[in-house]
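Let me begin by presenting the structure, written as structure tokens, before commenting on it.
Number of protein chains: 2
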Amino acid sequence: MGSIDANASTSAGLGVARTREDVVAAASRLFAKRGFHGTSMRDLGEELGMLGSSVYSHVRGKNELLVEVIGRGAEFFNEVVAAANETDGSAVDRLRDLVYGHVRVVVGHIDEARTFLFESRFLPTGDRLKIVEMRDAYEAAYRQTIQDGIDEGSIAPDIDPGITAIFILSVLNALIRWYRPSGERSADETAAEMWSFIENGISGGSS
Amino acid sequence: MGSIDANASTSAGLGVARTREDVVAAASRLFAKRGFHGTSMRDLGEELGMLGSSVYSHVRGKNELLVEVIGRGAEFFNEVVAAANETDGSAVDRLRDLVYGHVRVVVGHIDEARTFLFESRFLPTGDRLKIVEMRDAYEAAYRQTIQDGIDEGSIAPDIDPGITAIFILSVLNALIRWYRPSGERSADETAAEMWSFIENGISGGSS
DNA sequence: ACCGAACGAACGATCGTTCGTTCGTTCGGA
DNA sequence: TCCGAACGAACGAACGATCGTTCGTTCGGT
Chain A
259 MGSIDANAST SAGLGVARTR EDVVAAASRL FAKRGFHGTS MRDLGEELGM
309 LGSSVYSHVR GKNELLVEVI GRGAEFFNEV VAAANETDGS AVDRLRDLVY
359 GHVRVVVGHI DEARTFLFES RFLPTGDRLK IVEMRDAYEA AYRQTIQDGI
409 DEGSIAPDID PGITAIFILS VLNALIRWYR PSGERSADET AAEMWSFIEN
459 GISGGSS
Chain B
259 MGSIDANAST SAGLGVARTR EDVVAAASRL FAKRGFHGTS MRDLGEELGM
309 LGSSVYSHVR GKNELLVEVI GRGAEFFNEV VAAANETDGS AVDRLRDLVY
359 GHVRVVVGHI DEARTFLFES RFLPTGDRLK IVEMRDAYEA AYRQTIQDGI
409 DEGSIAPDID PGITAIFILS VLNALIRWYR PSGERSADET AAEMWSFIEN
459 GISGGSS
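Chains as they are written, first to last, in the working numbering: chain A, 259 to 465; chain B, 259 to 465.
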């Protein structure tokens, strides 16, 4: 990543030059809160302290903003999979890395994650297909890791890797709905609770 | 071609007469598929084989439709809680009843359930608050049942009832995203897989 | 003849977008 | 040091389309 400008504040001061980065950030916020169809270019302008038409000085149009926001979200999640694949632990270790990484992404980039998950269906067709493909690959990474765990003997052989991957991702993705930055739990504390549930359900971990 | 032929039934057996019920059903379908803001009254009319303005012969307006669809979804889920509270089994039995009931509602009324879960934020303020309240009560029912299980000794005492309730509802609610009526699993088969995961996670059920 | 359902034109508002403009800053040549 | 050309950011009016909604009219069944 990189490109850390002197772009300290997100909003505040009037007359401060806005960049494309500010516009994308504002779009993330509003798309996440009100939805893509519920956000107008004039809403976006207001959020940025300018007119709706002025937004076009920075981006080509509304769809381009949706593609950009969702693309960033997808990138974050892909990095988690790549990182987990580079570790050389057991399958269960890699699965735990996937879970912790996912939670960190949601906690750290909740607006992009929300838009990625809820608004992808409104993407232009080509971009939408790419995202669907990417999501399938993400799910496949979980499925494969679970299968590896079964082969290694560290995960119960009587579970279905496919549907179990879906269940794990269900718990992870729902974080987007209930997590509030003001909450009492940190990212890793939340991930630890999740991992305990994923490992043993309501039978509880004897950790 | 003139204008009014193609009266081929979109709905039930009676050839011509559309009822308010048909309108609400069509709204459920479209709100679930395209979202509330992504569905216009003219879209709704087309789905019903009439003009957008004609929909107003059956309902007062678009918001009323959203309130009605979501209200029906909420009612389904409330019935599940009421039914589970009437059984006299153990806490774990009641929890399992809640899970199975939830899955049956989603499978049987997926459009209402989708709209209930995804579009509630677009409700008029008063109705939205009611739905939030109802959802809190729904979550509280799970939390209380888990607590009962802990008190009875049938659920591990080292788990947090609050966050565990959230995790269970995460798995349940996500069904709305991935379930397809053409799928290979029945409602109860799906619920059984879920229950196994909720009970023991990836440690597997000894079933 | 009655009555509800559907039509179809029209409304005001808002949508995404375009375009000519203003305004402040930057910067090279004299 | 000064000047003016060049530029990017933002303005603000306006566009065609579509939005939710209204209303007088027409149609078909009883």
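C-beta atoms are modelled at their ideal positions from N, C-alpha and C, and glycine is treated no differently.
Since this is a predicted model, take the numbers as computed values, not measurements.
Option nearest residue i by Cα separation, candidates the options
i	options	result
V313/A	E322/A, M299/A and F294/A	M299/A
E457/B	M392/B, D394/B, F425/B and A445/B	F425/B
P419/B	S412/B, S428/B and I408/B	I408/B
N336/B	G303/B, E304/B and Y400/B	Y400/B
The ligand SAM heavy atom lying under 6 Å from the CB of residue i
i	result
E370/B	Among the components modelled here there is no ligand, and therefore nothing to report on the ligand SAM.
Three-state class that DSSP yields for residue i in the structure shown
i	result
F376/A	helix
G459/B	helix
N265/B	At N265/B, the pLDDT of 33 sits below 50, so the modelled position is not reliable; the number obtained from the coordinates is stated separately. Of the three classes helix, strand and coil, the one that applies to N265/B here is coil, per DSSP.
V317/A	coil
E442/A	coil
M308/A	coil
R278/A	helix
P415/A	coil
L381/A	coil
Y396/B	helix
F425/A	helix
S465/B	Residue placement at S465/B is flagged as unreliable, the pLDDT there being 47, under the threshold of 50; a coordinate-derived value is accordingly withheld.
T297/B	coil
D351/A	helix
Cβ neighbours of residue i in the same chain (closer than 7 Å, five flanking residues each side left out)
i	result
V282/A	L323, E326 and V327
V364/B	A371, L433, I434 and Y437
A449/B	V357, Y358 and V361
W453/A	R354 and V357
T297/A	L288 and F289
T373/A	S286, F289, A290, V327, I328 and G331
Beta-carbon spacing of residue i, residue j below 7 Å
i	j	result
L356/A	A371/A	no
Q406/B	A349/B	The displayed chain sequence assigns Asp, not Gln, to residue 406/B. Yes, the Cβ-Cβ distance between D406/B and A349/B is below 7 Å.
E377/B	F294/B	yes
I421/B	E451/A	yes
G459/B	G459/A	yes
S286/A	D369/A	yes
A284/B	E304/B	no
Buried versus exposed call for residue i [16 or more other C-beta atoms within 10 Å across all chains shown]
i	result
W436/A	exposed
G366/A	exposed
D280/A	buried
R276/B	buried
V390/A	exposed
L430/B	buried
S311/A	exposed
K291/A	exposed
L309/A	exposed
Neighbourhood of residue i by C-beta distance below 8 Å, restricted to the same chain and skipping five residues each side
i	result
T345/B	D351, R352 and D355
Own chain, CB closer than 6 Å to residue i, minus 5 neighbours either side, in chain order
i	result
R278/A	H316
A445/A	V361, R362 and V365
M392/B	A332
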